[in-house]
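Everything on this sheet refers to the single structure shown next.
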Amino acid sequence: MNSSPLPKETEQDYGSNPTKVRHTDKYKSEYIHGFVEKWDELIDWQARAESEGSFFIDELRKRGVKRILDVAAGTGFHSVRLLEAGFDVVSADGSPHMLAKAFQNGTEHGHILSTVQADWRWLNRDVHGKFDAVICLGNSFTHLHSERDRRKALAEFYAALRHDGVLILDQRNYDSMLDDGFSSKHTYYYCGDNVKAEPEHVDDGLARFRYTFPDGSSYNLNMFPLRKAYVENLMQEVGFQQVHTYADFQETYRTENPDFYIHIAEKHYHNEPDHPVIVDEGNAPRKPAGQD
Ligand SMILES: C[S@@+](CC[C@H](N)C(=O)[O-])C[C@H]1O[C@@H](n2cnc3c(N)ncnc32)[C@H](O)[C@@H]1O
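FYI, in my numbering the residues of the sequence shown are 1 to 292.
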């Protein structure tokens, strides 16, 4: 099979003023061939699965989920894991490089992934049918740079769900980065020492990270620093009836200042006046997907 008709760029282009690049469409030219290949080569899926544990699988099973839409499939890690756990999975992503890699990884694990190239803002134009769960993992939602795009994407996720479906979305803990400034700008390592991630620039509208690989090559991602309470409120405003937020321990195992949050937003309507809308669940037993 012809491996890929896609361009094989190895250099990202942020122009002369990289910290001014703050628009949602940028993600497509951030995940270029070189970055995707390097990332996938160096992230050990086994180590990632072990560090994440069965948290997502347990939460999905607990809710009787059968059909899942992985809207940020990336290189396919969660799609493959969930297929192997017996779920029915559709893998979507807006990046052609990511989807191509996910498909290739799927076949290498003995699966033909059901893939759809779809941008979240127009998700239901390209993905049809209803799902018991939508997952948006690996700090992906941070790629949306305007509130309008975030609302639209969440509304599309909501619409893709069955009447009692659930959205699982994780995010980096940007509150500590925004509030504590440089002191919280520590280096993050993923699944061993292969990928080093460091914030290069953080302000209210941008978290620019640099990813450095053992061969010295480096790539960037320009992301929007999502505050935890902001995401919870947005989910509620688009119609989710209850949002449970879990905190992980991540690499540092700090309970009061976790690296990641996981939001589980339920569509199910509880017809009781004092039913809590936003619930902090404390710490999840294991760390979640450590990628962004
Ligand atoms: C940080 S990666 C995470 C991939 C995967 N979930 C993981 O954990 O390994 C973020 C993914 O979100 C996708 N993405 C970002 N913005 C998107 C959008 N507006 N629509 C669809 N996909 C998007 C990117 O193409 C990329 O594959």
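The beta carbon of each residue, even a glycine, is placed where N, CA and C say it ideally should be.
Looking at GLU147, ASP70, LEU137 and LEU226, the one whose alpha-carbon comes closest to that of ASP175 is LEU226.
Fully contained in the stretch 13-92 are the following alpha helix (DSSP H) runs of length 4 or more, in chain order: 27-30, 33-42, 45-52, 55-62 and 77-84.
For ASP170, the pairing in a beta bridge is given by DSSP as ILE262. When secondary structure is reduced to three states using DSSP, PRO276 falls in the coil class, being assigned neither helix nor strand. In this structure, the C-beta of ALA197 stays at least 7 Å away from each heavy atom of ligand 1. With a beta-carbon spacing of about 19 Å, GLY94 and ALA133 fall beyond the 8 Å limit used to define contacts.
It is roughly 33 Å from the alpha-carbon of HIS268 to the alpha-carbon of GLY205.
Take GLU281, set aside five residues on each side of it, and the residues of its chain with a beta-carbon closer than 6 Å to its own are HIS244 and TYR246, in chain order.
Taking the Cβ of SER51 as the reference point, every heavy atom of ligand 1 lies at 7 Å or farther away. Here the stretch 97-112 makes no contact with the stretch 47-59; the two share fewer than three CB pairs at distances below 8 Å. For the stretch 210-252, the continuous alpha helix (DSSP H) assignments of 4+ residues that do not extend past its boundaries occur at 228-237, in sequence order.
Collapsing the DSSP output to three states places THR10 in coil. Here the alpha carbons of PHE131 and GLY181 stand approximately 40 Å from one another.
In chain order, VAL238 place their CB closer than 6 Å to the CB of ALA155, counting only its own chain and leaving out the 5 sequence neighbours on each side. In the DSSP assignment, LYS267 falls outside any alpha helix (DSSP H), carrying neither H nor E.
The three-state reading of DSSP puts GLY165 in strand, counting E and B together. The residue among GLY110, VAL195 and ASN271 with its C-alpha nearest the C-alpha of ILE43 is VAL195. For HIS201, the enclosing beta strand (DSSP E) has its first and last residue at 195-203. Scanning the stretch 86-134 from its first residue to its last, the whole alpha helix (DSSP H) runs of 4-plus residues come out as 96-108 and 123-126. Contact between PHE209 and GLU198 holds: CB atoms are separated by about 7 Å, below the 8 Å threshold. Between the alpha carbons of VAL71 and SER146 lies a gap of roughly 19 Å. Take the alpha-carbon of PHE240 and the one of LYS152: they are about 14 Å apart. Take the alpha-carbon of HIS111 and the one of PHE141: they are about 26 Å apart. Under the three-state reduction of DSSP output, LEU206 falls in the strand class. By the C-beta density criterion, ASP170 is buried, having at least 16 other C-beta atoms within 10 angstroms.
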